[in-house]
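Protein chains in written order, with the working numbering: chain A, 1093 to 1379; chain B, 1093 to 1379; chain C, 1093 to 1379; chain D, 1093 to 1379. Ideal placement from N, C-alpha and C gives every residue a C-beta, glycine not left out. Reading through the structure tokens given below for one structure.
4 protein chains.
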Amino acid sequence: MNNTKICVLGGDQRQLYAAHEMLKNKYNAVVYGLKTDSSIQQAQSLPEAMEDAKLVILPLPFTTDNVRLFCPLCDKDILLTDIIENVQKDMIVAGGKMSDAFLLMLKQKGAFPFDYYKSERFAIHNAIPTAEGALAIAMNELKTTVNGAKCAILGYGRIGKILAKTLKKLDADVTVYARKDEVLAWAEAEGCKTYKFEDLCETVSKNSVIFNTVPALVLTREVLDNIDENAVIIDLASSPGGVDNEYAKLIGIKVIFALSLPGKVAPVTAGKIIADTVLSYYKGVAL
Amino acid sequence: MNNTKICVLGGDQRQLYAAHEMLKNKYNAVVYGLKTDSSIQQAQSLPEAMEDAKLVILPLPFTTDNVRLFCPLCDKDILLTDIIENVQKDMIVAGGKMSDAFLLMLKQKGAFPFDYYKSERFAIHNAIPTAEGALAIAMNELKTTVNGAKCAILGYGRIGKILAKTLKKLDADVTVYARKDEVLAWAEAEGCKTYKFEDLCETVSKNSVIFNTVPALVLTREVLDNIDENAVIIDLASSPGGVDNEYAKLIGIKVIFALSLPGKVAPVTAGKIIADTVLSYYKGVAL
Amino acid sequence: MNNTKICVLGGDQRQLYAAHEMLKNKYNAVVYGLKTDSSIQQAQSLPEAMEDAKLVILPLPFTTDNVRLFCPLCDKDILLTDIIENVQKDMIVAGGKMSDAFLLMLKQKGAFPFDYYKSERFAIHNAIPTAEGALAIAMNELKTTVNGAKCAILGYGRIGKILAKTLKKLDADVTVYARKDEVLAWAEAEGCKTYKFEDLCETVSKNSVIFNTVPALVLTREVLDNIDENAVIIDLASSPGGVDNEYAKLIGIKVIFALSLPGKVAPVTAGKIIADTVLSYYKGVAL
Amino acid sequence: MNNTKICVLGGDQRQLYAAHEMLKNKYNAVVYGLKTDSSIQQAQSLPEAMEDAKLVILPLPFTTDNVRLFCPLCDKDILLTDIIENVQKDMIVAGGKMSDAFLLMLKQKGAFPFDYYKSERFAIHNAIPTAEGALAIAMNELKTTVNGAKCAILGYGRIGKILAKTLKKLDADVTVYARKDEVLAWAEAEGCKTYKFEDLCETVSKNSVIFNTVPALVLTREVLDNIDENAVIIDLASSPGGVDNEYAKLIGIKVIFALSLPGKVAPVTAGKIIADTVLSYYKGVAL
């Protein structure tokens, strides 16, 4: 055990596993606002938890009401203002989706805020549990095997890429839709069929499952009219997603909203990714 | 459409999709004892259904009580004796897990029985939906991603092989247990770690999920005592399976019984496999 | 056959296969400055070849002396000035690595130049034959199988990515070196080990083969001193490459320069990639 | 170092690497009839080499003339009769392709002979370097990438299976030919196209490369007449192979004989496989 104290506050199971990961890395992890077993040290109060911590880890999202910390696993209310009060100079405060106002207050106290949700590394690593979660949904929904199933992926960013690779490995028949020629060239190099988005209406009908990763209305009425009636849409794009849901409902196309999959399908892995991202930042800064 | 009549009797969704597959292959498919949509011709009676059929396809299993055909989707009772009565000379009668008594009666009527469940080809193709079903269960149970998860596979027959390959593709950390050196050599060539069964007790504890494919008591008390308390056992072996369930329950190890996965997780694919196996046999015999 | 005439001038085998690809796509392909079999129409002179062509395809590289077209397969000299003379208004002239002076002259004649070598799509597709060529070299050089071999890849751009994926598929033990955290995160998502370049000296010694894709001196004396004496370096970076060759020679480290692999190891594929890239551009412009 | 002496006699590079592997496993390895560097102990005479050895490892093949040990790396003649003379009671003598006469003499001296060449484990592990060697040949011969190339594999035993898997991973378009339905079902489960051998003539023409693994004349005149003139045949079957070579020459089809690939393309790996197989046997017997 080295003596560096790391304080993990609030959050869901991911925070718990992030704290365990800190212990595994020989840090002195202390938690508060998390129901946990006896293997991790629990502070009795927020001041005790944060005192002398070099690094404070807040959950993802750090709040849902801009007043209290996101704490679904405990019955205490932890006020954001109380956290600010206990922040000390040079403390590194890592959190997910922190507001500009909160960031400003942290800086005013001389702390170093780090929003891990904005880290590219975090996003790439999270694409793996997201892709597995999407795969599990597809397996549960499809009446065929994924092996041989015609799957469309709309968008070829982080999630699209990892999902395409995962589906190809299971011998699915994958078609990627994107806007740019060079993006499609990458999808082709991965062994996928490709189309530009403008060909979506004309070509989408063959697919049994359509994964959307684009946070814009791409599955419009015109496109929905061309989708096979037994197909399922799995929308992985952040709210409000990419589907005209009202119309999909009207014509009986099944749409599954699959948000925040890492925390739901693989909380241990998701917690480890938070811990890795934060530690990697911490080590870089602490040098 | 060619004029060869194929009669599909009873069964679950798989039979329905098998009938659709026959239509796709341009046969004159007629069903009875199956609730279906209008796209497939339904006979009004068993005699009408079987009359002049070259091939009759019975479900898997063909019966559950040795009296009536397995017909979960309809409210009629179809007696096995009525089927025998309507069998004609030279008819090919394909079914799954047909009893010796039933086979004998078929032969006495001059028919050619074919138990597709005993076909090696059928078993190999079914291993794919079985492996996907087992993967989906693991994804739902594990708190980590399958990517990187330590998975043990007990037995390396058809299901063990396909499952190992599938898990390896998703970058799981797979250990195969089997008895014979040359079987383990194959698993090593697939990139798996391997152990003999005699080393199971000593080495099993690292795994987060244990897939059993061996239809014998391999997960004994001694082995269960060595399994990680958070691990899950997925038993794919036919009844009574390979786990000392009573003891597992006692010590709180989760066991999931996963039988007949193809029909449950991928009925379309399972129906297609029945159709392919039976048609392949039919074409060979009909020459 | 549609009536659009496409003129293919000079070059090596790739140009020949590009011309065949045009024929397959039903264009009226005419070649000049290429020894070919009778299946493709050969023009008797440059003016005849270029007359009325909608699209002219020049080789990669288009010249090696800034005076004559690159024509290794024929004994004629085709002067660049003669090409300019025969260029007509609105002609699309595609070539590889065309000089600024040549581009300017084309534009002055009212033609549309297209340097396919600068196309991202071209570069991505070419990474596949490059990676296969590099793999074949490694297979020939290594005294072990690639399966299980420790391979380092320096740089994770187009070639690095495709090469890493290819080696991983063959179960090699791949370590990627790059500068940026998010680039390394992608390599990790592909299942590779990763290090920052600054750790190269300290960690390189375990590898049996080192693939360099970085066009800068990364394999310095200090690094070379840490490489295993039996290891081989395969330098895929364009001249002058990334190795201190003099020093490598001095201490007996084998370095293989592997440039322009697509044309050497897979000329049919390389020609097809030229044809696809040019046709894709042509169709976009011709609309 | 444990004190168990292992004597490695004659052979090519594989024996040398097998001896190194023994050292790595902490055995007291002594070589004779092998040119080697100073890191391994060399005996001055055969009696010195064999004296008190628990295990003697002879090369593969153990002889080429039934008189002398196969010793291509040294200029001494080691007579088989001299070996027999120095064999002691209870010595384990491992060799490759040992003759019945030699085996009998070993037994008469009270030794335990073990022909590792007959071991299933040995054969399976050797299929990996064989497949890689075949792949390297295909890469060197094909004018396209293996990615996307149409490849036929005749036979689906050990080498056929591993080769099919390897080619599929590189996204080749693989067709497997075999006799039995259930064997083809396995190839289908691996994602390959399949045909029975009786369809070879009719279907072979599309392939750019044909790998033969069947030690019987399968590539007859009739079949050769149907092969694409630019295709290449890679014959992996032991002598006399599976091709009507005279006729192939006559009609200009290129045939490459690729025997004993492991020792040629990956002698370190091949030596390690010999060492692993022999040690695994030795440990089992020595208990």
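By alpha-carbon positions, which one of D:Asn1322, D:Pro1354, D:Asp1317 and D:Ala1358 ends up nearest to Glu1338 (chain D)? In the fourth sequence, residue 1338 (chain D) corresponds to position 246, counting from 1. Of D:Asn1322, D:Pro1354, D:Asp1317 and D:Ala1358, the residue nearest in Cα terms is D:Asp1317.
Do Arg1271 (chain A) and Lys1288 (chain A) come within 8 Å of each other at the CB atom, strictly closer than that value? For this step, residue 1288 (chain A) is matched to residue 196 along the first sequence. For this step, residue 1271 (chain A) is matched to residue 179 along the first sequence. In this structure, the beta-carbon distance from Lys1288 (chain A) to Arg1271 (chain A) falls below 8 Å.
Nearest to Ala1110 (chain D) (by Cα), restricted to the options D:Val1377, D:Ala1362, D:Ser1372 and D:Tyr1373: Position 18 of the fourth sequence, counted from the first residue, corresponds to residue 1110 (chain D). Nearest of D:Val1377, D:Ala1362, D:Ser1372 and D:Tyr1373 to Ala1110 (chain D), Cα basis: D:Ala1362.
Rounded separation between Ala1141 (chain C) and Gly1125 (chain C) - CA only: Working through the third sequence from its first residue, we reach residue 1141 (chain C) at position 49. Working through the third sequence from its first residue, we reach residue 1125 (chain C) at position 33. Rounded to whole angstroms, Ala1141 (chain C) to Gly1125 (chain C) spans 10 Å at the Cα level.
Quick one: any contact between the segment 1208 to 1220 of chain A and the segment 1273 to 1280 of chain C, if contact means 3 or more CB pairs under 8 Å? yes
How would you call Gln1105 (chain C), buried or exposed, if buried means at least 16 neighbouring beta carbons within 10 angstroms? Translated into the one-based positions of the third sequence, residue 1105 (chain C) becomes position 13. So Gln1105 (chain C) ends up on the buried side.
Entirely enclosed beta strand (DSSP E) segments - the segment 1329 to 1355 of chain D, minimum 3 residues: 1346 to 1349
Exposure label - Gln1200 (chain D); buried when at least 16 CB within 10 Å: Position 108 of the fourth sequence, counted from the start, is the residue given in the question as residue 1200 (chain D). Result: exposed.
Can you name, in chain order, every residue of its own chain whose Cβ lies under 6 Å from the Cβ of Thr1286 (chain B), other than the five neighbours on each side? For the purposes of this step, residue 1286 (chain B) is identified with residue 194 of the second sequence, where counting begins at 1. Val1268, Leu1276, Ala1279 and Glu1280, listed in sequence order.
Going along the segment 1205 to 1221 of chain A in order, which residues come within less than 9 Å of chain C, judged by CB to CB distance? Ser1211, Glu1212, Arg1213, Phe1214, Ala1215, Ile1216, His1217, Ala1219 and Ile1220
Please list, in chain order, the residues of the segment 1279 to 1294 of chain C that have any C-beta partner in chain A closer than 9 Å. Glu1280, Ala1281 and Glu1282
Pair within 8 Å by beta-carbon distance, Leu1328 (chain B) and Thr1222 (chain B): Here residue 1328 (chain B) refers to the residue found at position 236 of the second sequence. Here residue 1222 (chain B) refers to the residue found at position 130 of the second sequence. Yes. Within cutoff.
Against chain B, does Ala1193 (chain D) count as a neighbour if the rule is that its beta carbon must be under 8 Å from one of theirs? Here residue 1193 (chain D) refers to the residue found at position 101 when the fourth sequence is read from its first residue. It does not; no Cβ of chain B falls within 8 Å.
Indicate the three-state DSSP secondary structure (helix, strand or coil) for Ala1362 (chain B) in the structure shown. One-based indexing of the second sequence puts residue 1362 (chain B) at position 270. Helix.
Comparing C-alpha positions only, which one of A:Glu1113, A:Gln1180 and A:Pro1139 sits nearest to Ser1085 (chain A)? No information on residue 1085 (chain A) is available, as it lies outside the stretch 1093 to 1379 that chain A covers here.
Answer yes if the segment 1338 to 1350 of chain D comes into contact with the segment 1241 to 1257 of chain D, meaning at least three C-beta pairs across the two stretches below 8 Å, and no otherwise. no
Residue of B:Cys1293, B:His1217, B:Asn1299 and B:Thr1295 minimising C-alpha distance to Thr1236 (chain B): Here residue 1236 (chain B) corresponds to residue number 144 of the second sequence, with the count starting at 1. Ranking B:Cys1293, B:His1217, B:Asn1299 and B:Thr1295 by Cα distance to Thr1236 (chain B) puts B:Asn1299 first.
Using a Cβ cut-off of 7 Å, which residues of the segment 1260 to 1275 of chain A contact any Cβ in chain F, in chain order? Judged by its chain identifiers, the structure shown contains no chain F, and its protein chains are A, B, C and D.
Tell me Gly1187 (chain C)'s beta-bridge partners as DSSP assigns them. Position 95 of the third sequence, counted from the start, is the residue given in the question as residue 1187 (chain C). The beta-bridge partner set that DSSP reports for Gly1187 (chain C) consists of C:Asp1207.
Does the Cβ-Cβ distance between Ile1325 (chain D) and Asn1218 (chain D) come in under 8 Å? Here the question's residue 1325 (chain D) lines up with position 233 in the fourth sequence. Here the question's residue 1218 (chain D) lines up with position 126 in the fourth sequence. Result no, Cβ atoms of Ile1325 (chain D) and Asn1218 (chain D) do not sit closer than 8 Å.
From Cys1099 (chain D) to Thr1156 (chain D), what does the alpha carbon distance come to, in whole angstroms? Counting from 1 along the fourth sequence, the entry for residue 1099 (chain D) is found at position 7. Counting from 1 along the fourth sequence, the entry for residue 1156 (chain D) is found at position 64. Cα-Cα distance, rounded: 21 Å.
Determine, using beta carbons only, whether Leu1234 (chain C) and Ala1228 (chain C) come nearer to each other than 8 Å. Residue 1234 (chain C) sits at position 142 when you count from the first residue of the third sequence. Residue 1228 (chain C) sits at position 136 when you count from the first residue of the third sequence. No, Cβ-Cβ distance for Leu1234 (chain C) and Ala1228 (chain C) is not below 8 Å.
Contact set between the segment 1226 to 1246 of chain C and chain D, restricted to residues whose Cβ is under 8 Å from the partner: Contacts with chain D (Cβ-Cβ distance below 8 Å) from the segment 1226 to 1246 of chain C involve Leu1227, Ala1228, Met1231, Asn1232, Leu1234, Lys1235, Thr1236, Thr1237, Val1238, Asn1239 and Gly1240, listed in chain order.
Kindly list the residues whose CB is nearer than 7 Å to the CB of Lys1097 (chain D), restricted to its own chain and excluding five residues on each side of it in sequence; keep chain order. Looking up residue 1097 (chain D) in the fourth sequence gives position 5. Only Asn1120, Val1122, Asp1144, Ala1145 and Lys1146 meet the Cβ criterion.
Own chain residues within Cβ distance below 7 Å of Val1357 (chain A), not counting five before or after: The residue given as residue 1357 (chain A) occupies position 265 in the first sequence. For Val1357 (chain A), where only same-chain residues beyond five positions count, the Cβ hits under 7 Å are Pro1221, Glu1224, Gly1225 and Ala1228.
Is there a C-beta anywhere in chain A that falls below 8 Å from the one on Ile1254 (chain C)? Numbered from 1 along the third sequence, position 162 holds the residue referred to as residue 1254 (chain C). With 8 Å as the cut-off, Ile1254 (chain C) counts as an interface residue toward chain A.
Any chain B beta carbon closer than 8 Å to Val1045 (chain A): Residue 1045 (chain A) falls outside the range modelled here, since chain A spans only 1093 to 1379, and no answer is possible.
DSSP three-state label for Ser1132 (chain C), please. Counting from one through the third sequence, the residue named residue 1132 (chain C) turns up at place 40. First, the residue type needs correcting, since residue 1132 (chain C) is Ile and not Ser in the sequence shown. Looking at Ile1132 (chain C) - three-state DSSP - the assignment turns out to be coil, as it is neither helix nor strand.
Under 8 Å, do Asn1239 (chain B) and Asp1207 (chain B) count as touching if we go by C-beta distance? On the second sequence, position 147 is the one that residue 1239 (chain B) refers to. On the second sequence, position 115 is the one that residue 1207 (chain B) refers to. The answer is no: Cβ separation not under 8 Å.
Under 7 Å Cβ to Cβ from Ser1191 (chain B), same chain only, skipping five residues before and after it: list those, please. One-based indexing of the second sequence puts residue 1191 (chain B) at position 99. These residues qualify, in order along the chain: Asn1158.
Does the CB of Ala1121 (chain A) have a neighbour CB from chain C at under 8 Å? Translated into the one-based positions of the first sequence, residue 1121 (chain A) becomes position 29. Not one chain C Cβ lies under 8 Å of Ala1121 (chain A).
Would you identify the three-state DSSP class for Arg1213 (chain B), choosing helix, strand or coil? Here residue 1213 (chain B) refers to the residue found at position 121 of the second sequence. Helix, per DSSP.
Decide if Asp1368 (chain C) is buried, meaning its Cβ has at least 16 other Cβ atoms within 10 Å, or exposed. In the third sequence, residue 1368 (chain C) corresponds to position 276, counting from 1. Buried: at least 16 other Cβ atoms inside 10 Å.
Can you tell me whether Asp1336 (chain D) is buried or exposed? The criterion is at least 16 other CB atoms within 10 Å of its CB, across all chains shown. Taking the fourth sequence and counting its residues from 1, the one referred to as residue 1336 (chain D) is at position 244. Asp1336 (chain D) comes out buried.
According to the Cβ coordinates, are Lys1189 (chain B) and Phe1154 (chain B) closer than 8 Å? Indexing the second sequence from 1 puts residue 1189 (chain B) at position 97. Indexing the second sequence from 1 puts residue 1154 (chain B) at position 62. Yes; because the gap between Cβ atoms is below 8 Å, this pair is in contact.
Kindly indicate the opening and closing residues of the alpha helix (DSSP H) around Phe1303 (chain C). As a first step, residue 1303 (chain C) is located in the third sequence; it is residue number 211 there, counting from the start. Phe1303 (chain C) -> not in any alpha helix (DSSP H); beta strand (DSSP E) instead, spanning Val1301 to Asn1304.
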